[in-house]
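First the structure, in the form of structure tokens, and then the observations on it.
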Amino acid sequence: MDFLRDLAGWSVLAAAAFLLVVQLVAHEIGYRLGTARKASIAGQAENVGVVVAGMLGLLAFVLALTLSYSTARFNERREGTLSEANAIGTAWLRAVAIGTPDAIKVAGLLEDYLRAREDFVKAGLDADAIAAANSDTSRLQQSIWAGVTAIVRERPDPVAASLMASVNDVFDTGTVERFAMNMRLPPQVFWLLAGVMLLSMASVGYQFALKGRPVRLLVLLLTVVWTAVIVNILDLASPRIGNFRTNAIVYEWTRQGFQGMAGPSAASQ
Numbered sequence: 133m134d135f136l137r138d139l140a141g142w143s144v145l146a147a148a149a150f151l152l153v154v155q156l157v158a159h160e161i162g163y164r165l166g167t168a169r170k171a172s173i174a175g176q177a178e179n180v181g182v183v184v185a186g187m188l189g190l191l192a193f194v195l196a197l198t199l200s201y202s203t204a205r206f207n208e209r210r211e212g213t214l215s216e217a218n219a220i221g222t223a224w225l226r227a228v229a230i231g232t233p234d235a236i237k238v239a240g241l242l243e244d245y246l247r248a249r250e251d252f253v254k255a256g257l258d259a260d261a262i263a264a265a266n267s268d269t270s271r272l273q274q275s276i277w278a279g280v281t282a283i284v285r286e287r288p289d290p291v292a293a294s295l296m297a298s299v300n301d302v303f304d305t306g307t308v309e310r311f312a313m314n315m316r317l318p319p320q321v322f323w324l325l326a327g328v329m330l331l332s333m334a335s336v337g338y339q340f341a342l343k344g345r346p347v348r349l350l351v352l353l354l355t356v357v358w359t360a361v362i363v364n365i366l367d368l369a370s371p372r373i374g375n376f377r378t379n380a381i382v383y384e385w386t387r388q389g390f391q392g393m394a395g396p397s398a399a400s401q
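In terms of the working numbering, the sequence shown opens at residue 133 and continues consecutively.
The following block contains the structure:
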């Protein structure tokens with residue numbers, strides 16, 4: 133699975149081509165095996181057809197299962213970025229509304245925190261960029277919490293308490309998003325999908341050999357369709373590779389909202 137993930141990180145088309153070739157090889161192996169055993173199992177083609185139908189049904193079930201899992205993971209990442217950006221925006225507004233020097237400092241730190249979280253989502257497979265974004269996140273969380281603590285101690289009222297609650301939500305949503313970005317398709321599910329896929333292709337080739345009709349063009353079309361579905365499933369399940377990447381535009385929208393209000397961003401213009 134790591135090989136396929138690295139290959140997809142380099143090129144999704146290369147990963148698709150690899151899956152296509154592997155399936156065609158499995159089909160050819162099944163076809164040649166069926167050709168070699170055709171004489172010894174004459175008259176059992178109908179029985180083989182039942183088994184092949186069962187294999188194809190199982191493949192359809194596994195594809196539906198993995199597609200559901202991958203779609204859920206993609207939605208979690210997308211909703212996580214939206215929730216985090218909204219939480220940061222809420223905390224920033226409350227800090228600006230308090231207006232004390234400590235609160236304005238917290239608002240400025242939240243702007244830096246927004247950039248760090250955006251860098252984390254957009255880091256891709258760059259391990260150094262991910263580590264740097266996580267390091268900045270931890271450092272800024274400490275500074276923000278120290279500033280909020282000073283505000284609460286200075287004025288222990290509901291306004292300061294609401295700021296503390298908002299900042300706590302910011303940190304919680306950051307943890308949720310980091311967890312979602314680290315979630316991948318479990319290896320057991322991937323190998324189940326790969327195993328059923330290869331066995332299905334081999335069984336189809338075996339049945340065609342017994343029937344005496346290779347129908348290679350239709351097999352190629354079927355394999356292309358299966359490959360497209362599998363690649364999209366793996367793409368949806370992968371947080372940092374492929375075309376279905378988590379969009380970080382919500383962080384930019386939040387930053388644009390900062391610029392139109394009286395806060396650290398507006399003051400620096």
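Just so it is clear, CB atoms sit at the ideal spot from N, CA and C, and this is done for glycine as well. Keep in mind it's a predicted model, so treat the numbers as computed, not measured.
Is the distance from the Cβ of residue i to the Cβ of residue j below 7 Å?
i      : j      : result
Val194 : Val356 : no
Val184 : Gln339 : yes
Ser332 : Leu145 : no
Ala402 : Gly162 : Lying before the first or after the last residue shown, residue 402 is absent from the chain, which here runs from 133 to 401.
Val253 : Thr213 : yes
Leu152 : Thr359 : yes
Using only CA atoms, which one of the options lies nearest to residue i?
i      : options                           : result
Met313 : Leu257, Gln391 and Ile381         : Leu257
Asn207 : Leu272, Ala369, Glu384 and Thr281 : Ala369
Thr232 : Tyr383, Pro290, Gly279 and Gly389 : Gly279
Val336 : Leu354, Gln320 and Leu324         : Leu354
Leu366 : Val180, Ala196 and Gly186         : Ala196
Arg285 : Ala235, Ala248, Ala255 and Thr269 : Ala235
What would DSSP say about residue i, mapped onto helix, strand or coil?
i      : result
Arg164 : helix
Gly389 : helix
Ala380 : coil
Ser370 : coil
Pro288 : coil
Asn179 : helix
Ser270 : helix
Leu145 : helix
Phe150 : helix
Arg300 : Strictly speaking, residue 300 in this sequence is Asn, with Arg absent from that position. In this structure, Asn300 counts as helix in the three-state DSSP scheme.
Asp258 : coil
Gly231 : coil
Asn207 : helix
Say the cut is 6 Å; is the CB of residue i nearer than that to a heavy atom of the ligand ATP?
i      : result
Arg285 : For the ligand ATP, the structure offers nothing, since it holds no ligand at all.
Taking residue i and residue j to be in contact with their CB atoms under 8 Å, please state how far apart those CB atoms are, rounded to whole angstroms.
i      : j      : result
Thr305 : Glu250 : Actually they are not in contact, since the Cβ atoms of Thr305 and Glu250 sit about 14 Å apart, beyond 8 Å.
Ala148 : Val363 : 5 Å
Ala341 : Thr167 : 4 Å
Gly221 : Thr386 : 5 Å
Arg226 : Leu295 : 5 Å
Ala248 : Ala255 : The pair is not a contact, with the Cβ atoms about 11 Å apart (cut-off 8 Å).
Val302 : Ala219 : 5 Å
Contained beta strand (DSSP E) runs [length at least 3] in the segment 304–352, N- to C-terminal order: With a minimum length of 3 residues, no continuous beta strand (DSSP E) run stays inside the segment 304–352.
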